[in-house]
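Step one of this worksheet: look at the structure below.
There are 2 protein chains.
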Amino acid sequence: MEYMNTASTSEPRWLNDEEQRVWRSYIDATTLLEDHLDRQLQRDAGMPHVYYGLLVKLAESPHRRLRMTELAMYAKITRSRLSHAVARLEKNGWVRREDCPDDKRGQFAVLTDAGQEVLQQTAPGHVEAVRQAVFDRLTTEQQKALGEIMRIVAEGLQPSEAGADLPWLR
Amino acid sequence: MEYMNTASTSEPRWLNDEEQRVWRSYIDATTLLEDHLDRQLQRDAGMPHVYYGLLVKLAESPHRRLRMTELAMYAKITRSRLSHAVARLEKNGWVRREDCPDDKRGQFAVLTDAGQEVLQQTAPGHVEAVRQAVFDRLTTEQQKALGEIMRIVAEGLQPSEAGADLPWLR
DNA sequence: GAGCTCTCCTTGAACTTTTAACTACCTGAG
DNA sequence: CTCAGGTAGTTAAAAGTTCAAGGAGAGCTC
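These protein sequence lines are chains Y and D, in that order. Each residue of the first sequence is one higher than the one before, starting from 1 at the first, in our numbering. Each residue of the second sequence is one higher than the one before, starting from 1001 at the first, in our numbering.
Okay, structure coming up:
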């Protein structure tokens, strides 16, 4: 009989061949795609994909602004990383910081007109890149499956359904 | 009437709401997952996910070695990035470089015993992390779909079915 | 076999990300 | 009010990545 049953000592649950193939494809595809989009945006918009995503989130937010912590959460990055990113975007003139009146520790990241401009200029090229790399190659069923799968994975990794507890959102 | 029809000037093929949801889920999941695995491996193996992947590829190769270019290709990273990575892994004593006898420009990256060791120690924890984050949460059908989808996407981005033209592989 | 081009791999500099403090401010208990 | 502990955001330093350039050898042509 198996006498060990703790997570750390029992027999590892290795991936079988098919699972390994799936996992490798996942790694390959995500690596290639992120790289591809990074280059596309670096070339056409002068910024990496993550930074572009930040501008998009701001553009979609009321008054084109978001608290730093909130933006970090939506973009799934750390506050530290966001601080650096916003500093860079500020240098480009695409984002501006504003103090939060309600909380003196708080900062808003605000999309500037120049930032809006850059988005409008580069969004078409970016969607096209995403379509060509992903949507154009998948059937409707596959797109649906992809959405569902990714939703499940993201949900599982979300640091405890975060965000439900931000004062500003009450 | 629409009078323009060239790629650069025609109306952008925007993503509809459902497509946007799919795309966002994709970004969220891949960002969270890569971050999760990076932390897991940094904590337990003292290296980022990509570096771990390099050791795995070497471990699976004949004589635990691979030409630099070949390794870069399998791992889907640039040669430059690989050079830096191997330099670091070499410092850790997990990889060693060897000259290629057939081509004086060439280098082999070779997995050392210490590298093998580190893999054996940390592989169980890593598979478990992957399982918990991905496979345990998906049905068999979803796993299959994920594999197929990722294979398609990777295939589309592969720089021209690369690798078919490496002399060593003839 | 000289010269031209291409490939293999590395390098330094610029840039981005991580990690671990750290400042400043808010909040609630007493 | 005061103080302990938590939160918002930043920062310096270390680590990793990208980009452009370059050294050195291979390989092809004449």
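No residue lacks a Cβ here, since even glycine has one placed at the ideal position from N, Cα and C.
Under 8 Å between beta-carbons, which chain D residues line up against residue i? List them in chain order, please.
| i | result |
| --- | --- |
| Ala133 of chain Y | Val1153, Gly1156, Leu1157 |
| Gln121 of chain Y | The premise fails here: Gln121 of chain Y is roughly 11 Å from chain D at the closest Cβ pair, so nothing lies under 8 Å. |
Please list, in chain order, the chain D residues whose beta carbon lies closer than 7 Å to that of residue i.
| i | result |
| --- | --- |
| Met47 of chain Y | Residues of chain D passing the Cβ test: none, with the nearest at roughly 16 Å. |
Can you tell me the Cβ-Cβ gap for residue i and residue j, rounded? I've got them flagged as a contact below 8 Å.
| i | j | result |
| --- | --- | --- |
| Leu146 of chain Y | Ile1152 of chain D | 10 Å between Cβ atoms; not a contact. |
| Ala1075 of chain D | Ala29 of chain Y | That pair is no contact at about 13 Å. |
| Ile1138 of chain D | Ala133 of chain Y | In the sequence as displayed, the identity of residue 1138 of chain D is Leu instead of Ile. No, Leu1138 of chain D and Ala133 of chain Y are not in contact; Cβ-Cβ is about 23 Å, not under 8 Å. |
| Gln107 of chain Y | Met68 of chain Y | 5 Å |
| Leu1054 of chain D | Ala1085 of chain D | 6 Å |
| His1049 of chain D | Glu1060 of chain D | His1049 of chain D to Glu1060 of chain D, Cβ: 17 Å. No contact. |
| Ala1129 of chain D | Leu1037 of chain D | 6 Å |
Which chain Y residues are close to residue i, counting only those with a beta carbon under 7 Å from its beta carbon?
| i | result |
| --- | --- |
| Ser1025 of chain D | Gly147, Met150, Arg151, Ala154 |
| His1036 of chain D | Leu157 |
| Arg1137 of chain D | Ile152, Val153, Gly156 |
By alpha-carbon positions, which one of the options ends up nearest to residue i?
| i | options | result |
| --- | --- | --- |
| Tyr52 of chain Y | Y:His126, Y:Ala133, Y:Phe135 | Y:His126 |
| Gln142 of chain Y | D:Val1056, D:Val1022, D:Arg1013 | D:Val1022 |
| Asn1092 of chain D | D:Tyr1074, D:Asp1136, D:Ala1045 | D:Ala1045 |
| Asn16 of chain Y | D:Cys1100, D:Arg1131, D:His1084 | D:Arg1131 |
| Ala1109 of chain D | D:Asp1103, D:Ala1123, D:Leu1082 | D:Leu1082 |
| Thr112 of chain Y | Y:Arg43, Y:His63, Y:Val50 | Y:His63 |
| Gly115 of chain Y | Y:Trp14, Y:Lys144, Y:Arg96, Y:Ser80 | Y:Arg96 |
| Lys144 of chain Y | D:Arg1013, D:Gln1020, D:Glu1011, D:Ser1010 | D:Gln1020 |
| Glu1047 of chain D | D:Glu1011, D:Ala1123, D:Cys1100, D:Leu1032 | Looking at the sequence provided, one finds Met at residue 1047 of chain D rather than Glu. If we check each option's Cα against that of Met1047 of chain D, D:Ala1123 comes out closest. |
| Asp117 of chain Y | Y:Asp103, Y:Lys104, Y:Leu41, Y:Trp94 | For the sequence presented, residue 117 of chain Y should be read as Glu rather than Asp. That would be Y:Trp94, whose Cα lies nearest to the Cα of Glu117 of chain Y. |
| Gln121 of chain Y | Y:Pro12, Y:Val56, Y:Trp14, Y:Lys104 | Y:Val56 |
| Thr1140 of chain D | Y:Glu18, Y:Ser10, Y:Pro101, Y:Leu58 | Y:Glu18 |
| Leu1066 of chain D | D:Thr1031, D:Cys1100, D:Glu1011 | D:Cys1100 |
Going along chain Y in order, which residues have a C-beta closer than 8 Å to the C-beta of residue i?
| i | result |
| --- | --- |
| Asp1028 of chain D | Lys76, Met150, Ala154 |
| Leu1032 of chain D | Lys76, Val153, Ala154, Leu157, Gln158 |
| Val1130 of chain D | Leu15, Trp23 |
I'd like to know if residue i contacts chain D, where contact means its C-beta is closer than 8 Å to some C-beta of that chain.
| i | result |
| --- | --- |
| Gly115 of chain Y | no |
| Arg21 of chain Y | yes |
Is the Cβ of residue i closer than 8 Å to any Cβ of chain Y?
| i | result |
| --- | --- |
| Val1118 of chain D | no |
| Gly1163 of chain D | In this predicted model, Gly1163 of chain D has a pLDDT of only 49, less than 50, meaning its place in the structure is not dependable enough to derive any value. |
| Arg1170 of chain D | Its pLDDT being 47, under 50, Arg1170 of chain D is placed unreliably in this model, and the value from its coordinates should be taken loosely. So no, Arg1170 of chain D is outside the interface. |
| Val1110 of chain D | no |
| Pro1124 of chain D | yes |
| Gln1143 of chain D | yes |
Using a cut-off of 9 Å between C-beta atoms, extract the partners of residue i located in chain D.
| i | result |
| --- | --- |
| Val127 of chain Y | Pro1012, Arg1013, Trp1014, Leu1015 |
Quiz prompt | Interfacial residues, the segment 1041-1071 of chain D to chain Y, with Cβ spacing under 9 Å | solution = His1049, Val1050, Gly1053
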